[in-house]
Structures are given as C-alpha cells and as structure tokens.
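Residue numbers (mature numbering (1 follows the signal peptide of the UniProt record, and there is no 0)): -23 to -1, 1 to 441. Below you'll find the structure, written out as structure tokens, and then a few comments.
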Amino acid sequence: MRRLPLRARLALLTAVAVAIAVAAASTACWFLTKDQLMAQTDRTLASQPTEIRLRPNQTICDALNNSTPFDGKGHNPQTLQVVFADGTSCTQDGSYPIPVTASDIAVAQGTQRQSIHSATDANGTHVRVITRMPPPSPLGQGYALSIARPLTDIDNSLDNLALLLVLVSGIGVLAAASLGLVVARAALKPVDRFADAVEHIARTEDLDTTIPVEGKDEIARLGTSFNTMTRALKGSRERQQQLIADAGHELRTPLTSLRTNTDLLLRSEEQGRPLPTDDKKRLLRNVRSQLRELSGLVGDLLELARPERSRSTPVTGVAALHTAVGQAVERAKLRGQDVTFAVDVEPWYVRGDEPSMERAVLNLLDNAVKFGPPDGTIEVRLHDGELTVRDHGPGIDPDDAPRVFERFWRSDTARALPGSGLGLAIVARTVQESGGTVALEPAPDGGTVARMRLPGTAGAPPGG
C-alpha cells in the first residue's frame, strides 16, 4: 500500500470506502426484502382455515385427504399435514411429508399456540410452514394442522435481487474508483506544484523560488510555510556570504601588514644587512600586535559561529552579573592603564553563562576605552538589573546607534581605530539569549552611554 503513489492510494481508499458502503446497503436491502416477503407469506398462511370436518367413524387423516382444496380452483399449491401429540404425522394425498419439529409437537400437545418456521419437504422443496391448533371439535383434540407453502418464487426473487445488487455494487465501485482517481488528481495538483518547486530548489539551489498560495486550506498553509522557510534560508545564506566577505576583508588588512613586516625582516637577513635594533623591535612589536588582532578576530568569529539558542529553549544556569562586571573591569584596566574606572555595582543574578556575561561586559568596556579620552574616566554602574557603561568621548551619532550591533559594521570615525567590528554584535547576541536588551545612546553632557538590561533578581535563586 505504501509503495503506491499518493494519487493511487487515494483512489483505492475511495473505492474501498464506497465498496464497504454499497455492500452494507445492498446487504441491508436484501435482508429487508426477504423479511417483507416472508412476513407476507406468513400472513397468507395465517389467514388459511385450520378446521377439518370429521364424519362419524372417520379418522383425521381420512378427513384430511377428503378436504376441499383451499384455493377453490381445483388444485392446492399448499401442503397439509396433521401432526399428532406423539410426533407422528399424516400428509394429504399428493403432497410430500414435512419434517416435524419440536415446536410442531408442542402445538399438538397444546403447550404452544402456533409455530412458524421454514423447512424442506421430502421432495427437496423449500417451504414455509405454520402449525396451529384447530378449533375445538366435539370429537376431541390431540393434533395440530401444519400448512406449508413453497418458497420457490421468493427464493428465485431473492437470488435475482442478490445478483442485481452485486452487479450494481460492482459498477458503483468501479465508478467510485474512477471518480476517486479524477478527484485525487485534481486535489493533488497543488502538491505536484509543491514537489516541482522542491525538486527545482534541490537541483538549482535557487532560493528565490516560491509556491503560489491560493485559499486557506492545508495545502495553502504548507505552501506558506515552505515560502517562509525558503526566505529564511535565503536570508541565512546571504548573512553567511556577508559574514565570509566581511571576515575576509577584516583578515586581509592584518595579514597584509604581517606579511609585509615578515618579508622585510627576512629580506634584511637574506641580504646580510640587518635592520637597526630599534627598527627591528618596532617591526616585531607590530607583528605581535597584528597576531593579537588576528587572534581576537578569530575568537570573535568562533563566538559568532556558535549556534544560537532557540527561543523555545530556556537559558539554564544562574550567573552573578555583578561578579562578571567586576572581573571584566579588572581585565579592562590591564588594557587601558591610564583610564580610570568608577565602579558602582549591586548584586544581580541572571539566567545565563557567567563567562559569556563577562565577555559581553568586557566588550562594552573596551568600546568605551577605545572612544574615550586616553586619561578619561569610565563610569560603570549596575543598579536594579541595568548596567550602564559611560565614556566621556566625542559621543555617538544618533543615526549610527541602531547599527552599532551589526556584524563588522563600524562608523566612519571608528575605521581608523583597532577592532574587528564584532564586539558589540557578540554583546547583542549574549544579551538577547538571556532575554535582555542593550543599546548605545549619546550622553546628555557628552560621551556615550551603553545600557544593558537583563531580567533577574537581587538575591541568589535557590540552587543558584
């Protein structure tokens, strides 16, 4: 069954359903017809007289043979049989005996009013039999009269009806299968278009392909979901390509500088003209700086390449944000030795990873150190779940504020400064995974304020 195409399965299931329905209806029709015919025959038998007139010194069996035919036309299509209380019987001359049943004997014995049943006489004819007690007679009782009518006409009619119902059912099933195939073909046209689109995308990797959506049924929902998926895949591919292009652009500058400095050192050694000591130290310091820049860039790329947490998957673990802030400040002091940090933090616990939180805060501090004056003050404050990092630099352009958290994006004033343009993107991702928000905005009296808001509690959660 599963190996058949969907179209053939639908047609087959339709034919099977129709066959079951037609078979049930035909069977019910046959039995209803049979019951009606039998009921009519029983009424006819019940209307027949059961009185047999006996003359003096005449037995009931002799009186039975001398009885007048019931139809009054010179022949009697019915069989008459007397059943005695001891189970013996006698049958009218010219008729075939009918088997005596226990219910017939019970009627003859007076313990049962009448008996109606079907039987087969000695000639093999299928008959309908009614056995009743005769009216009271001055000669006494002790017997019952059975009247039988052949069921040949009814049996033939039922056989013809059964054959007709079988033929009609077969034609109905064939017609249902044909119509089911037509309906399945029409109903599955959207699925065929869907399959063609999927095969086209698999063959060409063209994510611009969309499926026309018509109506609001399940096929339309499937097409809408598929179009949404292809748009998401296209956006993911574009972001991946953009990331590769931006990463290549950012890697090119330090690699070019590193290669230039290394070639200069090697050429001086190969030509036997060593560089002056101060120049050589300066080149080596440049090489070390470029290697650090490359290491930082690769680390940032690896961090951003980490799969994002699904929004349906809650962040597990508890991080002490105030501890992460303190550790990030200590690390930032080593990078900006002339910068003063004014720190005011309160305990705050959030859902997340403490090392990731520390790195996010450190990226905010590095950004403040980079754009603040060399001997300025960085104000760090954590209160009621809101962390603010403020520098006293030239400030941020309000038009640039919405884009600072994009990967590799840097303003015109920041292009000459060191950095990969990934730090704030890492901050935004970490904060988003913890259900918080982050933004940069100009300070009222100069400088820039970074605001990071994370949901949490001032007290350590149980088990945290």
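Here a beta-carbon is modelled for each residue, glycine too, at the ideal position from N, C-alpha and C. The structure displayed is predicted, hence computed values, not measured ones.
| Query | Result |
| --- | --- |
| If you drop the 5 nearest sequence neighbours on each side, which residues of the same chain put their C-beta closer than 6 Å to that of Ala121? | Val60, Val84, Ala85, Thr108, Met110 |
| Can you give me the Cβ contacts of Thr97 inside the same chain, cut-off strictly under 6 Å, excluding the 5 residues immediately before and after it? | His103 |
| Take Ala(-1) as the anchor and find which of Pro324, Val145, Asp39 has the nearest alpha-carbon. | Val145 |
| What are the boundary residues of the alpha helix (DSSP H) that Pro167 is part of? | 166 to 181 |
| Nearest by alpha-carbon distance to Ile124: which of Asp12, Ser24, Ala197 is it? | Ser24 |
| Would you kindly work out how many angstroms separate the C-alpha atoms of Phe171 and Ile221, rounded to a whole number? | 32 Å |
| Tell me the rounded alpha-carbon separation between Leu241 and Ser266. | 16 Å |
| Is there contact here, the segment 328 to 344 with the segment 294 to 306, by at least three beta-carbon pairs under 8 Å? | yes |
| The alpha helix (DSSP H) with Leu41 in it runs from where to where? | 37 to 42 |
| For Ala(-9), which residues of its own chain have a beta-carbon under 7 Å away from its beta-carbon, when the five flanking residues on both sides are left out? | Val150, Ala153, Ala154, Gly157 |
| Could you check whether Tyr326 and Thr233 sit closer than 8 Å to each other, using their CB atoms as the reference points? | no |
| To which residues of the same chain is Ala405 closer than 7 Å at the C-beta, ignoring the five residues directly before and after it? | Phe382, Val415 |
| Give me the residue from Ala197, Leu311, Ala301, Asp12 with the minimum Cα distance to Glu331. | Ala301 |
| Counting only the same chain and skipping the five closest in sequence on each side, list residues whose C-beta sits under 6 Å from that of Ser333. | Thr407 |
| Check the C-beta distance from Gly372 over to Leu431 and give it rounded, since I have them as a contact under 8 Å. | Going by Cβ atoms, the distance from Gly372 to Leu431 rounds to 25 Å, so no, they are not a contact pair. |
| Suppose you measure from the CA of Ser287 to the CA of Glu247; what does that come to, to the nearest Å? | Only weak support exists for where Ser287 lies, its pLDDT of 45 falling under 50; the value from the coordinates is given anyway. The alpha-carbon atoms of Ser287 and Glu247 are separated by roughly 56 Å. |
| Is it the case that the Cβ atoms of Arg(-17) and Leu165 are separated by a distance below 8 Å? | yes |
| If you follow the alpha helix (DSSP H) that Phe348 is part of, which residue opens it and which one closes it? | 331 to 348 |
| Leaving out the 5 sequence neighbours to the left and right, which residues in its chain are closer than 6 Å to Ile82 when beta-carbon positions are compared? | Gly64 |
| Using 10 angstroms around the beta-carbon of Ile(-4), count the other beta-carbons present and answer buried if the total reaches 16, otherwise exposed. | exposed |
| Excluding five sequence neighbours on each side, which residues of the same chain lie with their C-beta closer than 7 Å to the C-beta of Leu41? | Ile29, Leu57, Val59, Cys67, Gln69 |
| Our contact map puts Ile196 next to Val168 with C-beta atoms below 8 Å; I'd like the distance itself, whole angstroms only. | 7 Å |
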